[in-house]
Amino acid sequence: MKALTVPLLVCTMMALAQVSSVPATVPVYSNIPLTDAPPVPEDPFGGWVPSCPDGWSMHSQQCLLFVPRYMTWAEAQRNCQSRGGQLASVYSASQAYEIQKEVQRAGRGYGQFWVGGHNTPANPSWSWSDYMGVSAFTEFCRGQEAKHKHHCLQITFGEGKAGCLDDMKCDTKLLSVCGSLIM
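Quick note, the sequence shown lines up with residues -21 to -1, 1 to 162 if you use mature numbering (1 follows the signal peptide of the UniProt record, and there is no 0).
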């Protein structure tokens, strides 16, 4: 009996080993509807890519264009509008720096340049040509807001200065920088 038990045990173990190595079949559920995954768009922005018109430079929040022609503030504003923009807005020190880089790129280092800040006798609060308030950027050349003596803002770049705002007579002829917000 012992002689039969050992071979029987070995055969049983071999049979069990072969059964466990047989791959299990995957059940097929034919009554469960399959759904397709939604298509992944190739362009998540729907075809829109931020860009600037020819001749303009892209910066963090706006396209900029240096205009190397001396004009009054109103002439400069109309010129920018004819190009699809406004006189540039300066909401932060980094935007003042970007305007300075645009001016330097055009070969001008220092000076006074028209930007879009303006007010009126009826509304003495400064605002930008794109209708945003000036309160976000308060780097005025004299350390305080312009005295409202004149109604147009220019930005001054000097040696070691990143740019400061000051009011100026609107009929003064200056070079200018146009801006167009990137949206």
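Virtual Cβ for every residue (Gly too), placed ideally from N, Cα, C.
Check                                                                                                                                                             : Outcome
Is Leu160 helix, strand or coil by DSSP?                                                                                                                          : strand
With distances taken from CA atoms, which of Leu44, Gln60 and Leu144 is nearest Gly71?                                                                            : It is Ser, not Gly, that sits at residue 71 in the sequence shown. Of the candidates Leu44, Gln60 and Leu144, the one whose C-alpha sits nearest the C-alpha of Ser71 is Leu144.
Please say whether Lys140 and Met50 have beta carbons closer to each other than 8 Å?                                                                              : no
List, from N- to C-terminal side, the alpha helix (DSSP H) runs of 4 residues or more that fit wholly inside the stretch 67 to 105.                               : 72 to 84
Is it buried or exposed for Val94, if we count other Cβ within 10 angstroms and need 16 for buried?                                                               : buried
Answer yes or no: do Ser159 and Gly88 have a C-beta to C-beta separation smaller than 8 Å?                                                                        : no
Output needed for Cys59: all residues of its chain with C-beta closer than 6 Å, excluding positions within five of it in sequence on either side, in chain order. : Gln65, Leu66 and Cys157
What are the start and end residues of the beta strand (DSSP E) that includes Gln41?                                                                              : Gln41 to Met50
What do you reckon, are the CB atoms on Glu81 and Phe45 nearer than 8 Å?                                                                                          : yes
By the three-class DSSP mapping on this structure, what secondary structure does Ser155 have?                                                                     : strand
Alpha carbons only, please: which of Cys131, Tyr76 and Gln83 is nearest the one belonging to Gln41?                                                               : Tyr76
Could you have a look at Cys143 and say whether DSSP puts it in helix, strand or coil?                                                                            : strand
Thinking C-alpha only, which one of Gln79, Val28, Cys31 and His129 is nearest Ser155?                                                                             : Gln79
Can you tell me which of the three DSSP states Leu(-18) falls into?                                                                                               : A caution first: Leu(-18) carries a pLDDT of 47, below 50, which makes its placement in the model too unreliable to give a value.
Looking at Ser73: is its Cβ nearer than 8 Å to the Cβ of Ser39?                                                                                                   : yes
Applying the 10 Å Cβ sphere with the 16-neighbour rule, what's the burial state of Asp150?                                                                        : exposed
Under 7 Å Cβ to Cβ from Trp107, same chain only, skipping five residues before and after it: list those, please.                                                  : Ser68, Gly95, Gly96 and Val113
Below 8 Å CB to CB, which residues in the same chain sit around Arg84 once its five sequence neighbours on both sides are set aside?                              : Ser36 and Phe45
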